[in-house]
Every structure is written in C-alpha cells, then in structure tokens.
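Those sequence lines, one after another, are chains E and V.
Quick note: the first sequence, position 365, residue 365 per full-length UniProt numbering, numbers continuous.
Quick note: the second sequence, position 109, residue 109 per full-length UniProt numbering, numbers continuous.
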Amino acid sequence: MEQGILAERQDQIHRTGEGPFELACNRDSLAGAVSQRACVFCGSRVVLYPIADALHLVHGPIGCAVYTWDIRGALSSGPELHRLSFSTDLQEKDVIFGGEKKLKAALLELIARYQPKAAFVYATCIVGIIGDDVAAVCRDVTAATGIPVIPVQSEGFKGNKREGYTAACKAMFTLTGTGDVSGISPISVNILGDFNLAGEIWIIRDYFKRMGVEVVANITGDGRVDDIRRANGAALNVVQCSGSTMELAKMMQEKYGIPSLRVSYLGIEDMADSLYAVAEHFKDRDPGIVERTQQVVREELAVLLPQLKQYRKDLEGKKVAIYVGGAFKAFSLIKAFRHLGMQVVLVGSQTGTTEDYAELAAICDPGTVIVDDSNPLELSKFVKELDVDLFVGGVKERPIAHKLGVGFCDHNHERKEALEGFVGMLNFAREVHASATSPIWQFVPRREAMAKAAKGEGI
Amino acid sequence: MSDSPYVSTTNACKLCTPLGASLAFRGIEGAIPFLHGSQGCATYMRRYIISHFREPMDIASSALGEKQAVFGGGPNLKKGILNVMSKYGATVVGVATTCLTETIGDDVPRLLAEFRKEFADLPLPEIVHVSTPSYSGTHMEGWHAAVAALAGQLVTQKAAPERRVNLMPGLVSPSDLRHFKEILADFGVAATVLPDISDSMDRPALLDYEKLPAGGTTLADIRAMSGALGSIECGRAVHVVESAGTNLERRFGVPNLGLGIPIGIRETDAFFAALEKLTGTPTPQKYLDERGRLVDAYVDGHKYVAGKRAIVYGEEDMVIAMVAFLAEIGVKPILAATGSTCKNFKAALAEVTAGLLPEPPEARLGVDFHDISEQAADLAPDLLVGHSKGYSYAKAWNVPLLRVGFPIHDRFGGQRMRHVAYGGTQELFDRLVNTILDRKQEESAVGYGYL
Numbered sequence: 001m002e003q004g005i006l007a008e009r010q011d012q013i014h015r016t017g018e019g020p021f022e023l024a025c026n027r028d029s030l031a032g033a034v035s036q037r038a039c040v041f042c043g044s045r046v047v048l049y050p051i052a053d054a055l056h057l058v059h060g061p062i063g064c065a066v067y068t069w070d071i072r073g074a075l076s077s078g079p080e081l082h083r084l085s086f087s088t089d090l091q092e093k094d095v096i097f098g099g100e101k102k103l104k105a106a107l108l109e110l111i112a113r114y115q116p117k118a119a120f121v122y123a124t125c126i127v128g129i130i131g132d133d134v135a136a137v138c139r140d141v142t143a144a145t146g147i148p149v150i151p152v153q154s155e156g157f158k159g160n161k162r163e164g165y166t167a168a169c170k171a172m173f174t175l176t177g178t179g180d181v182s183g184i185s186p187i188s189v190n191i192l193g194d195f196n197l198a199g200e201i202w203i204i205r206d207y208f209k210r211m212g213v214e215v216v217a218n219i220t221g222d223g224r225v226d227d228i229r230r231a232n233g234a235a236l237n238v239v240q241c242s243g244s245t246m247e248l249a250k251m252m253q254e255k256y257g258i259p260s261l262r263v264s265y266l267g268i269e270d271m272a273d274s275l276y277a278v279a280e281h282f283k284d285r286d287p288g289i290v291e292r293t294q295q296v297v298r299e300e301l302a303v304l305l306p307q308l309k310q311y312r313k314d315l316e317g318k319k320v321a322i323y324v325g326g327a328f329k330a331f332s333l334i335k336a337f338r339h340l341g342m343q344v345v346l347v348g349s350q351t352g353t354t355e356d357y358a359e360l361a362a363i364c365d366p367g368t369v370i371v372d373d374s375n376p377l378e379l380s381k382f383v384k385e386l387d388v389d390l391f392v393g394g395v396k397e398r399p400i401a402h403k404l405g406v407g408f409c410d411h412n413h414e415r416k417e418a419l420e421g422f423v424g425m426l427n428f429a430r431e432v433h434a435s436a437t438s439p440i441w442q443f444v445p446r447r448e449a450m451a452k453a454a455k456g457e458g459i
Numbered sequence: 001m002s003d004s005p006y007v008s009t010t011n012a013c014k015l016c017t018p019l020g021a022s023l024a025f026r027g028i029e030g031a032i033p034f035l036h037g038s039q040g041c042a043t044y045m046r047r048y049i050i051s052h053f054r055e056p057m058d059i060a061s062s063a064l065g066e067k068q069a070v071f072g073g074g075p076n077l078k079k080g081i082l083n084v085m086s087k088y089g090a091t092v093v094g095v096a097t098t099c100l101t102e103t104i105g106d107d108v109p110r111l112l113a114e115f116r117k118e119f120a121d122l123p124l125p126e127i128v129h130v131s132t133p134s135y136s137g138t139h140m141e142g143w144h145a146a147v148a149a150l151a152g153q154l155v156t157q158k159a160a161p162e163r164r165v166n167l168m169p170g171l172v173s174p175s176d177l178r179h180f181k182e183i184l185a186d187f188g189v190a191a192t193v194l195p196d197i198s199d200s201m202d203r204p205a206l207l208d209y210e211k212l213p214a215g216g217t218t219l220a221d222i223r224a225m226s227g228a229l230g231s232i233e234c235g236r237a238v239h240v241v242e243s244a245g246t247n248l249e250r251r252f253g254v255p256n257l258g259l260g261i262p263i264g265i266r267e268t269d270a271f272f273a274a275l276e277k278l279t280g281t282p283t284p285q286k287y288l289d290e291r292g293r294l295v296d297a298y299v300d301g302h303k304y305v306a307g308k309r310a311i312v313y314g315e316e317d318m319v320i321a322m323v324a325f326l327a328e329i330g331v332k333p334i335l336a337a338t339g340s341t342c343k344n345f346k347a348a349l350a351e352v353t354a355g356l357l358p359e360p361p362e363a364r365l366g367v368d369f370h371d372i373s374e375q376a377a378d379l380a381p382d383l384l385v386g387h388s389k390g391y392s393y394a395k396a397w398n399v400p401l402l403r404v405g406f407p408i409h410d411r412f413g414g415q416r417m418r419h420v421a422y423g424g425t426q427e428l429f430d431r432l433v434n435t436i437l438d439r440k441q442e443e444s445a446v447g448y449g450y451l
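Structure (structure tokens):
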C-alpha cells in the first residue's frame with residue numbers, strides 16, 4: 001500500500017522495476033477522487049472542434065458550451081466559425097417538454113446565419129436522459145438545408161474521453177466518401193490526430209510538401225468539411241495522437257482500403273522517423289522521395305542541433321514529471337527529454353490503455369512511477385517524493401507544479417507555442433529551459449528549504 | 001424573460017449554476033466543493049476557475065456513469081463523500097447538484113440523511129447541499145443559492161449577541177475581500193464574511209502543497225452569524241427566493257441590509273452608512289481620506305473620460321455596480337447587458353443612475369455576445385467594460401476593454417484586481433483613465449509625452 005493513495009487506486013500505479021508490469025486502467029473514475037479527466041462530450045468536442053467551417057452546436061444547458069468556447073489554440077488559415085460557442089441553452093421547460101423543437105429551430109437559425117459547410121450537434125448528459133431524438137432532428141435539418149447535419153452521441157456520463165473520441169470518429173466517418181476525389185496524387189496522405197495548435201499542422205504540411213507528398217485532409221487541425229468529404233481519395237492515413245483518431249483510420253481502412261501509419265511529430269527521432277516511414281511507404285511509387293526526405297531532415301537538424309546544445313548544458317540531470325491526456329504523447333516526450341539530458345521519473349495519462357502503459361514501462365528508466373487517471377493529491381505527493389524539477393501537463397496540473405516550486409511546460413491543447421516538428425523541439429527546449437532555470441525558484445519556500453538542507457544548514 | 005430575439009445562444013454571457021456554487025463553497029474553511037453529476041462538469045469548472053485565479057481548485061465529483069444515471073447516483077454520492085473525507089480531511093463538504101442528477105431525480109437531502117445515519121460512527125463533516133440544475137439560472141444564482149444554503153443549514157441556533165457584522169460580499173476578487181475585511185476590522189467589530197475566498201483562492205507560496213487551501217470562513221464564524229448586529233448583503237440583483245441575509249433575519253431577527261456591490265462613491269457611501277448604522281461607530285478617518293482622494297482623482301481625470309460611450313456586460317450584480325460607477329464619473333453607459341434573466345435588473349439600473357443620467361441605460365436581459373454585437377454596430381461604443389470574454393469583440397470593433405470581475409483569462413492578476421470601496425474604486429478609476437490615455441497615445445501620430 002502506498003501512503004496517501006486511496007485503496008481502490010493502488011493498482012492504477014506502478015513503479016518500473018518493482019515486480020512484473022501490471023496496471024489497471026480504462027475504468028470509470030473513482031467518485032470523490034478528483035480525477036483530472038473530463039467526459040465523453042469533452043473527447044468529442046476537442047477532436048471535432050478545429051474543423052473551422054463547420055457549425056458546432058452543443059445541445060444542452062449552457063455550461064458545456066461555455067467552458068469549451070475557444071479553449072484550444074487550434075488555428076485556421078481561413079474561416080473561424082469553430083471559435084464561436086453555440087448552444088441550445090436548454091432551460092427547465094425544455095427539460096420537461098423535450099428539447100427537439102428548440103434544437104431544430106436553433107440549427108435552422110444558425111445555419112441560415114453562418115452558412116456552414118456542415119453542422120455537428122453534440123448531445124450532452126441531459127439529452128441522453130430526456131431522450132431527445134437528436135439523429136431525427138439532424139435528418140430533418142439536413143433535408144431542409146442541404147448540408148450534412150451530423151449527430152455526435154457524446155452524452156457526458158456514458159464513459160470517458162475515449163468514448164467521446166469514438167463518437168467524433170463516427171461523426172466524421174459519415175462525411176468521408178461524399179466528395180470528389182479526382183485529381184488526387186497517388187503520393188498523398190490525410191493528417192489525422194493533429195489539431196493545429198499554435199500552427200503546428202502547417203509545419204508538418206511544409207515537410208510533406210518538400211517531400212513531394214500531397215495532403216488531402218487535415219483531420220482536424222485547420223480542417224475543412226470538403227476536405228474530409230474527399231479524404232477517402234488519399235493513399236495513406238498518418239495518425240498522430242492515435243487515441244483520438246485511430247478509430248477513424250480503422251474505419252477508413254475497412255471501407256476504402258486506406259492503410260495507416262502511427263506517427264508522432266514531437267521530438268527529434270519521432271519526427272524524423274515519421275517522415276521516413278511515410279517516404280518508405282511511397283518509395284516504390286516515387287523512388288526520389290527517400291532522398292528528398294533525408295534532405296528535409298538534414299536541413300532541419302542542421303538548424304536545430306547546434307541550438308539545442310546550449311539548452312542541454314543547463315538542463316542535464318534535471319528530473320521531469322509528465323501527466324497528459326493520452327499516453328501516446330508521453331512516448332515522444334520521454335525521448336525528447338533524453339535529448340535535453342533530462343530524466344523522466346513520473347509519467348501518467350488520463351486515458352491510456354494497457355498496451356500504452358506496457359510500452360511506457362518498457363522505455364522508462366527503472367524506478368519510474370507510471371500512473372493512470374491520477375489526481376492532484378497523488379501528483380503532488382509524487383512530485384515531492386521524486387524531487388521533480390519540471391512538470392509537463394495542462395492547465396489543471398500547472399498550479400500543482402507551481403505550488404511546489406517546480407517548473408512547468410504547458411503541453412496541452414491550450415498551448416500557444418508550436419511544439420511539433422523540428423522547430424517545435426527547439427521551442428519545447430526553450431520553454432523547458434526558461435521555466436526550469438528561472439531564478440525565481442530559489443525564493444519558493446520548499447526550494448529554499450531544500451537548498452538550505454543541502455548545505456547542511458537545516459530548515 | 002430573455003430579451004434576445006434568437007432561439008440559439010452564441011458566445012454566452014453567463015456560466016452555469018454549479019460553477020457559482022463550487023466557487024462559493026471554496027470560501028469556507030476546510031471545505032471541498034462536491035458536484036453530484038458526471039465527471040466532466042467538475043473538470044471543466046476547475047479548468048475555468050484555475051485559469052482566472054491561477055490557484056489549485058479541487059472539485060470532487062460523484063463521477064456518475066451510465067449505470068448510475070439509470071439506477072440513481074446515491075451510492076456514488078456516498079462513496080465520494082467518504083473518499084473526500086479520508087483523502088482531504090474535509091470538515092465541510094459542499095454538495096451541489098448538476099443537470100444530470102436533477103433530471104434523474106436524485107433526492108439529495110434524503111441521500112445525505114441516509115449517509116449521516118449509515119456512517120454515524122465516523123467523525124462526519126458538515127455537509128451542505130444546494131440544488132443547482134444547470135438548466136436554470138446562471139452561475140450567480142448558483143453562488144447566491146450556495147451562500148443561502150450555508151447560512152440556512154449551518155446556522156441552526158441563536159448565538160450569543162455580540163458586536164459582529166455579517167457581510168455577504170458577492171462574487172468579488174480576493175483582493176476586494178481583503179479590503180472588506182480591513183474595513184470591518186477598522187470599525188472594531190467581529191466579522192463573518194460569507195463566503196471568503198480571499199485566502200483560499202490567492203495563496204502565498206508555501207513550504208508544502210496544501211490538500212485544502214487554508215483560509216475561508218470558519219464554521220465558528222458562520223454559527224455566530226445569528227448573534228450579529230446585522231447583515232450587509234452586496235449585490236442589487238435578486239437571485240434567490242430567500243437570500244442568506246433574509247434567512248437570518250427571518251429566523252433569528254438579524255437585521256439585513258441589501259446594498260449594491262460598493263463601487264463608486266454613491267454605492268460606497270451607502271456601504272459605510274450601513275456599517276455606521278449597524279455598529280454605531282463613525283467611519284474611520286482613514287476612509288474619509290480615501291474618499292477625499294477619490295473625489296480629487298475624479299476631478300483630475302474627469303475630462304479624459306467625459307462623454308465616453310461604454311457597453312457594460314457580464315454578471316448582473318457587477319454590471320449594476322459598474323453602471324453606478326461609470327454614471328457618476330461622466331461616462332455614458334449606453335448598454336447594460338447580462339446573460340441572466342433576473343427580474344429587477346432594469347429597476348436596479350434606474351436606481352443607481354437616478355440623478356446622474358437623464359434616463360437609465362438601455363438594459364438587456366438574457367442576451368449573449370451575438371445579441372450585444374448586433375446592437376453595438378449602431379451604438380458606436382468608445383469602451384467595453386466587462387470580463388475577458390468580450391475581448392474578441394473589443395478587438396473586432398477596435399475599442400479598448402476595461403477588464404473587471406470574473407473571469408479574467410487573458411490578463412495576469414485577475415484575483416488581485418480591486419474594485420470595491422473608495423480604495424478599490426480609486427484603482428479602477430486609474431485603470432479606466434489609463435486605458436483611455438493608452439488608446440489616445442496609440443492612435444496619435446504626435447506621440448505626446450504629456451497627456
């Protein structure tokens with residue numbers, strides 16, 4: 001038994017090197033444990049949100065829409081309809097008499113006002129309880145307006161974020177195969193699982209362009225409805241953040257026979273490996289692609305590596321805690337930190353799977369704590385116990401780090417710094433360096449006490 | 001009733017009821033806010049609140065799943081309370097419902113009574129519950145309902161009479177609350193500020209991570225409310241059937257004075273007059289000096305702000321208070337808008353602008369930012385006054401935004417921003433004048449060094 005951890009959560013924590021790897025995960029969050037997780041709706045909303053020319057209407061009381069208004073730094077090169085927050089704002093009488101009429105009127109009103117290319121209608125908790133037939137309303141409105149109006153079955157209580165990803169993938173899948181695929185190059189991909197935070201997808205698209213690869217659809221960063229409609233014309237799906245969009249890739253493989261590759265654009269090896277894997281896939285059709293890809297990587301590294309060195313020298317030996325939404329990102333982060341000479345001592349996620357965690361355990365150093373669906377009290381305990389210097393997480397983890405005098409790198413959807421690609425690795429190093437080496441930590445009482453203790457002055 | 005001509009809501013100018021309740025419960029010592037509903041609500045609200053205060057904000061959840069939604073959330077509620085007792089050592093649990101649990105019909109008072117009986121052998125925390133279906137009202141209804149629930153459920157006996165003042169401050173910043181407490185201390189009375197997020201949502205750097213942040217109204221101070229000289233309740237909008245102050249007045253005969261949030265001279269004068277009336281103590285010279293400096297600043301700055309046309313939006317109490325302030329410095333509030341549908345909004349605006357404006361500003365209830373923006377095209381504002389969520393509109397219209405209240409998500413230090421009493425108004429006035437000067441300087445090709 002670990003002190004300070006609820007008995008029912010003990011088996012969701014593992015220390016590498018201590019016995020065979022076993023970790024319970026993918027369970028419902030424990031009542032009263034203050035999980036960092038959100039809900040099904042959240043999963044759907046974050047995946048679909050960056051589709052910039054679609055109307056995203058949240059069918060429910062106001063909270064669900066208002067807390068997700070423009071929360072992601074998902075940029076668009078054109079329309080920005082996704083940055084507005086639409087809701088049916090259900091009231092008590094709607095709950096009693098049903099919200100279908102209101103939903104239909106709201107859809108017709110908003111579609112007339114904004115002329116979107118499609119509309120996504122998110123079902124929230126209460127819609128699942130009062131039993132509105134969202135799909136029927138969507139069918140009606142499609143008939144009346146001629147645009148795809150797609151129900152997203154994302155009732156909050158029906159699981160966690162993962163089920164929300166599934167609902168989002170199902171919704172997008174209904175769009176595929178409805179556009180004109182003529183003229184698409186045989187050397188072409190769809191980018192899945194990138195949300196164009198701080199313009200990241202533009203970095204990746206530039207690499208593909210230099211390699212001679214056409215990008216058909218961004219799914220979903222800087223996404224467009226018409227692109228998704230013809231995504232079935234691409235030769236390959238490259239899937240990052242596999243938790244959120246792998247299911248769409250699977251559905252597309254089944255229906256259209258499009259193969260997929262799991263990739264990551266974070267860190268040096270993973271970025272380079274991802275590009276090489278795409279080149280490898282197309283090399284029979286386009287023998288020059290391997291050399292062009294090498295050229296891209298060479299050019300980028302020539303800029304990146306000398307600059308990374310200066311950061312590494314200050315960061316060498318510092319200890320890192322990672323707590324992120326999906327486990328897949330953690331793999332890349334562990335490797336990226338090795339480039340900076342830093343050691344990951346804690347890694348966890350909200351929604352990892354058994355396979356994810358087993359893979360994490362395999363690449364982590366002995367003694368690393370691996371944790372599923374953690375909470376502030378556990379995380380703060382580990383940060384102290386493992387003497388962490390830098391925490392990587394999102395908004396809800398930031399105060400935990402800061403209160404303990406620990407540097408912080410925001411690696412969540414709200415980030416405003418591009419962290420993908422080779423240039424992203426440099427931004428990442430810069431952000432980590434700026435926080436971990438700030439002079440302010442010496443004034444934080446816990447750090448001050450530790451420094452005194454190290455000097456033998458006592459506290 | 002809403003003044004919006006639209007069925008749909010675009011960029012809402014309100015938040016949901018449980019958020020207000022959670023934040024109010026955070027202002028009680030040793031308390032943990034607990035949402036009875038699905039996990040997402042708690043997480044979303046935590047994120048929203050953390051982004052303003054930059055402090056930990058743990059909200060527990062009964063984390064209902066599909067099964068519990070069908071068979072009832074009672075077991076999860078009980079288990080969740082046991083878990084927060086053991087992990088957080090909470091002495092108060094503030095249970096707020098959500099749309100999910102209200103709709104499936106969980107009878108929370110009954111469940112809590114069962115809980116107290118089942119676990120009577122344990123040292124149980126105080127459990128306060130409030131009904132906050134998110135399909136009814138806004139976060140301000142949630143806040144005031146939680147405050148009323150705290151007073152209604154924790155104050156059970158008449159306490160020994162003492163020189164004490166109860167202050168229900170409304171949703172103001174930690175810095176505002178510290179200022180209120182300083183004023184009350186200077187009047188030489190004991191005080192119960194309910195709730196008090198001044199410490200719990202603006203903590204110093206400490207040696208260790210606090211499971212529950214220190215600070216907040218103590219249970220002893222809450223119980224002593226029934227023996228107080230009187231209560232002052234800030235916020236002119238009427239939100240709940242019976243507020244904390246009227247509840248204490250009805251049950252224990254504690255006189256209740258309902259005032260606006262004291263921003264500006266007239267509203268602050270009323271606040272100090274109320275304190276004088278309850279305590280029999282004259283206003284300390286310190287505050288008369290602050291008032292004098294504020295009047296002097298009004299004089300020095302009046303021409304910079306004269307005739308500026310302002311759109312004021314946000315939660316109803318804050319909008320009314322800001323309109324009261326703007327009207328007395330010569331700014332023209334041309335639209336006062338809120339997402340709330342509180343009934344006395346228009347009447348309250350008329351009261352606070354009487355004698356200052358020829359007629360009260362246009363008031364709109366139950367509107368969103370789309371409604372406001374449609375009207376703004378004709379109104380040609382010089383200034384927006386409200387929280388951070390109006391920023392994209394201020395940018396689109398190329399007018400400055402004076403950030404006030406909650407949430408402040410795009411600037412630093414929202415939790416330390418002062419608005420209340422003469423001192424807070426002084427800071428607010430300085431910020432307002434400088435906002436206008438800043439714009440003037442930016443827009444001028446001359447680059448004036450003196451303004």
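The beta carbon of each residue, even a glycine, is placed where N, CA and C say it ideally should be.
Test: residue i CB closer than 8 angstroms to a CB of chain E
| i | result |
| --- | --- |
| V/Gln39 | yes |
| V/Ile372 | no |
| V/Val331 | no |
| V/Ser8 | yes |
| V/Tyr313 | no |
| V/Leu112 | no |
C-beta atoms of residue i and residue j nearer than 8 angstroms
| i | j | result |
| --- | --- | --- |
| V/Val193 | V/Phe180 | yes |
| E/Leu333 | E/Leu266 | yes |
| V/Ile372 | V/His387 | no |
| V/Phe187 | V/Gly264 | no |
| E/Ala249 | E/Asn232 | no |
| E/Val395 | V/Ile32 | no |
Bridge-paired residues (DSSP) for residue i
| i | result |
| --- | --- |
| V/His129 | V/Val95 |
| E/Lys319 | E/Gln343 |
| E/Asp194 | E/Thr220 |
| V/Pro33 | V/Gly94 |
| V/Ile28 | V/Thr217 |
| E/His56 | E/Phe120 |
| V/Thr9 | E/Ser87 |
| V/Thr192 | V/Asn166 |
Cut-off 6 angstroms between Cβ atoms - residues of its own chain near residue i, not counting five sequence neighbours on either side
| i | result |
| --- | --- |
| V/Glu249 | Asn256 |
| E/Ala118 | Ala54, Ile147, Pro148 and Val225 |
| E/Pro151 | Val121, Val134, Ala135 and Cys138 |
| V/Gly447 | none |
Min CB distance residue i to chain V below 8 angstroms
| i | result |
| --- | --- |
| E/Arg446 | yes |
| E/Leu377 | yes |
Cβ neighbours of residue i in the same chain (closer than 8 angstroms, five flanking residues each side left out)
| i | result |
| --- | --- |
| E/Ser380 | Ile400, Lys403 and Leu404 |
| V/Ala214 | Glu29, Asp199, Ser200 and Arg203 |
Cut-off 7 angstroms between Cβ atoms - residues of its own chain near residue i, not counting five sequence neighbours on either side
| i | result |
| --- | --- |
| E/Ile459 | Any reading at E/Ile459 must be qualified, since the residue scores a pLDDT of 48, below 50, and its modelled position is unreliable; no value is offered. |
Which residues of the stretch 106 to 133 of chain E have a Cβ closer than 7 angstroms to any Cβ of chain V? Give them in chain order. Ala106, Glu109, Leu110, Cys125, Ile126, Ile129 and Ile130
Any C-beta of chain V within less than 8 angstroms: which residues of the stretch 21 to 53 of chain E qualify? Asp28, Ser29, Leu30, Ala31, Gly32, Ala33, Val34, Ser35, Gln36, Arg37, Ala38, Cys39, Val40, Phe41 and Cys42
Output, in sequence order along the chain, the residues in the stretch 59 to 84 of chain V whose CB is closer than 8 angstroms to any CB in chain E. Ile59, Ala60, Ser61, Ser62, Ala63, Leu64, Gly65, Glu66, Gln68, Ala69, Asn76, Leu77, Lys79, Gly80, Ile81, Leu82, Asn83 and Val84
The stretch 41 to 58 of chain V: positions lying closer than 9 angstroms to chain E by Cβ: Cys41, Ala42, Thr43, Tyr44, Met45, Arg46, Arg47, Tyr48, Ile50, Ser51, Phe53, Arg54, Glu55, Pro56, Met57 and Asp58
Of all the residues that make up the stretch 186 to 219 of chain E, which are near chain V by a beta-carbon distance shorter than 8 angstroms? none
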